[in-house]
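Trainee: Please read through the structure below; I'll follow up with questions.
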DNA sequence: CCAAACTGTCACCGAACTGTCACCATCTGC
DNA sequence: GCAGATGGTGACAGTTCGGTGACAGTTTGG
């Protein structure tokens, strides 16, 4: 496996582990596979990072000092910003009770030590595929809309629709969670990136442009405006 | 665990296994946990069922006659109707290569035999939570009222109800604790926020508007006024 | 190097939403 | 039945919010 440069659009993985050596090992392997990696050494730090960066996948060590992993997991799941993240618990124990408790608490998956690098990466990718379908070349479908992330192509029914880069990412975000209401801030984060500063009204303008293009054939508007809250895309 | 009747809204699980005894065992346990269950004895039958019923979760045995589970998994993933399903591979072998191949092929999860019933159910539920987020959480229901916080949407029976932001939050508060009597002050706190000061009669006006909208189809008023105390919403 | 495509911001407008009031119907205790 | 308290509601005016055309700056592709 060759070393890849993490790109701006690469998936973001948060590693939560109290042992520096573990963090370094995981980070190294994940970065080598092209992921962007953040680390935290305890639950408290993890929650801070999550609030700021909204990682796509969270690797959470079971044995944390002070607060147990399961408790951290529960806290993470209680945060609205973390709804879009997948949580993978990492544990030295393979006792079934732990597994069950972990999953019931809201973890999405579970890896038992010792694990191989390929298993780790497979798990991370499998979860990523679920949480961020558009980042893994999947084809998203909502109603008569089809978005092929790999081919960078959008169809409305039989019609081929051309979108600019921003509108494309915007539509991909909306379609990834159809029905979910995205606030303007969440969309800015997701589509424009965390550190870019643009006026939140800019989202409106792009939504307008997106609507115009999507409905150029006289179709019904698939984007719903929720006054005071944001936008959502919907099947009907 | 007591035996539950599978309800109309219950999640649908497809069990694919060639051994009748296995199918029966899995079906029994899943049904006992309240799931609706379908079965198929090979990949071909599975694909037929998937096309017709679009199950939420598919439990796929690795060792199938004629066509291997991994091949079936690939075929399932190729079907657009199966995009909304989670695939859990069930295997007797725990070799890592299989796991990796399974996940890379598009399986969402993996259970190794022997597994316990609680592990099975935990896995199914965890995957369900991902695939059908609305079936496990943010939806409030009281009588024929349904409020989906994620989608910011309200239904009265089959009718789609449109509410303004304030009415939406007001209804959400009432529904969150159905039966509880909310004083005007408590509602002001909860819906308008602690530091905003508005006349407490304003609550009355919004309750009135809410009632009008909720009963626009001639339905019964779901909001009860408790003279001298406040308001409550109720199932009846 | 130029034209076309794409972006972000602004200003303006209409629609939606809000809070308050006045007036009336009910209810409560006496 | 009466007076006072309580709750329902239509009207209204002020405010906020979202849609959109215009425009200028920037990037892209040939």
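Chains as they are written, first to last, in our numbering: chain A, 1 to 236; chain B, 237 to 472. Heads up, the beta-carbon is just placed ideally off N, CA and C, and yes, glycines get one too. Here the structure is a predicted model, which means the values were calculated and not measured.
What number of angstroms, rounded off, separates the C-alpha of residue 346 of chain B from the C-alpha of residue 126 of chain A?
Mentor: Roughly 11 Å separates the two Cα atoms.
Trainee: According to the neighbour-count rule (16 or more other Cβ atoms, all chains shown, within 10 Å of its Cβ), is residue 371 of chain B buried or exposed?
Mentor: In this prediction, residue 371 of chain B scores a pLDDT of 43, lower than 50, which makes its location untrustworthy; no coordinate-derived value is stated.
Trainee: Apply the 10 Å Cβ neighbour rule to residue 159 of chain A and answer buried if 16 or more other Cβ atoms are within range, or exposed otherwise.
Mentor: The residue is exposed, with fewer than 16 neighbouring Cβ atoms inside 10 Å.
Trainee: Mind checking if residue 113 of chain A is an interface residue toward chain B, Cβ cutoff 7 Å exclusive?
Mentor: By this cut-off, residue 113 of chain A is not an interface position.
Trainee: For residue 163 of chain A, which of helix, strand or coil comes out of DSSP?
Mentor: It is coil, neither helix nor strand.
Trainee: Given a cut-off of 7 Å, decide if residue 247 of chain B and residue 292 of chain B are closer than it, judged by their beta-carbon atoms.
Mentor: Cβ distance < 7 Å, so residue 292 of chain B and residue 247 of chain B count as in contact.
Trainee: Apply the 10 Å Cβ neighbour rule to residue 423 of chain B and answer buried if 16 or more other Cβ atoms are within range, or exposed otherwise.
Mentor: With 16 or more Cβ atoms within 10 Å of its Cβ, residue 423 of chain B is classed as buried.
Trainee: What in chain B is Cβ-close to residue 223 of chain A, meaning under 7 Å?
Mentor: By Cβ distance, chain B contributes nothing, its closest Cβ being about 13 Å from residue 223 of chain A, past 7 Å.
Trainee: Quick check on this structure: which residue in A:75, A:14, A:107, A:233 has the alpha carbon closest to the alpha carbon of residue 222 of chain A?
Mentor: Among A:75, A:14, A:107, A:233, the Cα nearest to that of residue 222 of chain A belongs to A:233.
Trainee: Shorter than 7 Å from the beta carbon of residue 401 of chain B to some beta carbon of chain A?
Mentor: Yes, its Cβ sits closer than 7 Å to a Cβ of chain A.
Trainee: Quick check on DSSP: helix, strand or coil for residue 263 of chain B?
Mentor: Residue 263 of chain B falls in the helix class under three-state DSSP.
Trainee: Are residue 409 of chain B and residue 426 of chain B close, meaning C-beta to C-beta below 7 Å?
Mentor: Yes. Within cutoff.
Trainee: At a CB-CB cut-off below 8 Å, which residues of chain B make contact with residue 181 of chain A?
Mentor: Per Cβ cutoff of 8 Å: 386, 387, 388.
Trainee: As a quick exercise: from B:446, B:444, B:294, pick the residue whose alpha carbon is nearest that of residue 322 of chain B.
Mentor: Comparing Cα-Cα distances from residue 322 of chain B to each of B:446, B:444, B:294, the minimum goes to B:294.
Trainee: Report the rounded CA-to-CA distance for residue 373 of chain B versus residue 343 of chain B, giving the unit in angstroms.
Mentor: Bear in mind that a pLDDT of 44 at residue 373 of chain B, under 50, signals an unreliable position, so the number given afterwards is only what the model happens to contain. Rounded to whole angstroms, residue 373 of chain B to residue 343 of chain B spans 24 Å at the Cα level.
Trainee: Using 8 Å as the cut-off, can you tell me whether the segment 15-24 of chain A makes contact with the segment 62-81 of chain A, which would need three or more C-beta pairs spanning the two stretches below that distance?
Mentor: A contact exists between the segment 15-24 of chain A and the segment 62-81 of chain A.
Trainee: Using a beta-carbon distance below 7 Å, is residue 92 of chain A in contact with chain B?
Mentor: For residue 92 of chain A, the answer is no, since every Cβ of chain B falls outside 7 Å of its Cβ.
Trainee: Could you name the residues of chain A that residue 340 of chain B contacts, counting a contact when the two beta carbons are closer than 7 Å?
Mentor: Near residue 340 of chain B (Cβ distances below 7 Å), the residues of chain A are 122.
Trainee: Determine the direct distance from the alpha carbon of residue 360 of chain B to that of residue 182 of chain A, and round the result to whole angstroms.
Mentor: Cα to Cα, residue 182 of chain A sits roughly 28 Å from residue 360 of chain B.
Trainee: Check residue 72 of chain A in the structure and name its three-state DSSP category.
Mentor: Looking at residue 72 of chain A - three-state DSSP - the assignment turns out to be helix.
Trainee: Taking the runs of the alpha helix (DSSP H) that are 4 residues or longer, which of them lie wholly in the segment 159-225 of chain A?
Mentor: The qualifying runs are 165-176, 184-187, 201-214.
Trainee: Taking residue 444 of chain B as the reference, which of B:432, B:460, B:324, B:280 has the closest Cα?
Mentor: Residue 444 of chain B has its Cα closest to that of B:460, out of B:432, B:460, B:324, B:280.
Trainee: Between the segment 163-171 of chain A and the segment 204-219 of chain A, do three or more beta carbon pairs fall short of 8 Å?
Mentor: Yes, since at least three Cβ pairs between the segment 163-171 of chain A and the segment 204-219 of chain A fall closer than 8 Å, the two stretches touch.
Trainee: Is the beta carbon of residue 294 of chain A sitting closer than 7 Å to the one on residue 90 of chain A?
Mentor: Summary: the structure shown does not reach residue 294 of chain A, with chain A confined to residues 1 through 236, and so no result is reported for it.
Trainee: Looking at residue 411 of chain B and residue 383 of chain B, is the spacing between their C-beta atoms short of 7 Å?
Mentor: Closer than 7 Å, so yes.
Trainee: Please compile the residues from chain A whose C-beta is within a distance smaller than 7 Å of the C-beta of residue 344 of chain B.
Mentor: Chain A residues near residue 344 of chain B: 126, 130.
Trainee: For a test of the three-state rule: what should DSSP assign to residue 373 of chain B, helix, strand or coil?
Mentor: Unreliable placement is indicated for residue 373 of chain B, whose pLDDT of 44 sits below 50; the coordinate value is still reported in the next sentence. Of the three classes helix, strand and coil, the one that applies to residue 373 of chain B here is coil, per DSSP.
Trainee: Taking Cβ positions, are residue 341 of chain B and residue 306 of chain B nearer each other than 7 Å?
Mentor: In contact: residue 341 of chain B and residue 306 of chain B (Cβ atoms closer than 7 Å).
Trainee: Buried or exposed for residue 284 of chain B, going by 16 or more other Cβ atoms inside 10 Å?
Mentor: Classification for residue 284 of chain B: exposed.
Trainee: Does any residue of chain B bring its CB to less than 7 Å from the CB of residue 229 of chain A?
Mentor: By this cut-off, residue 229 of chain A is an interface position.
Trainee: When the Cα atoms are used, what is the spatial distance from residue 54 of chain A to residue 420 of chain B?
Mentor: When rounded, the distance between both Cα atoms is 37 Å.
Trainee: Residue 122 of chain A by DSSP, collapsed to three states: which one?
Mentor: In this structure, residue 122 of chain A counts as helix in the three-state DSSP scheme.
Trainee: To the nearest whole angstrom, what separates the beta carbons of residue 455 of chain B and residue 389 of chain B, a pair I think is in contact under 8 Å?
Mentor: No, residue 455 of chain B and residue 389 of chain B are not in contact; Cβ-Cβ is about 17 Å, not under 8 Å.
Trainee: Please list the partners that residue 233 of chain A has in chain B, where partner means a Cβ-to-Cβ separation under 9 Å.
Mentor: Residues of chain B passing the Cβ test: none, with the nearest at roughly 11 Å.
Trainee: Within 10 Å of its beta-carbon, does residue 130 of chain A have 16 or more other beta-carbons around it, so buried, or fewer, so exposed?
Mentor: Buried, by the Cβ-count rule.
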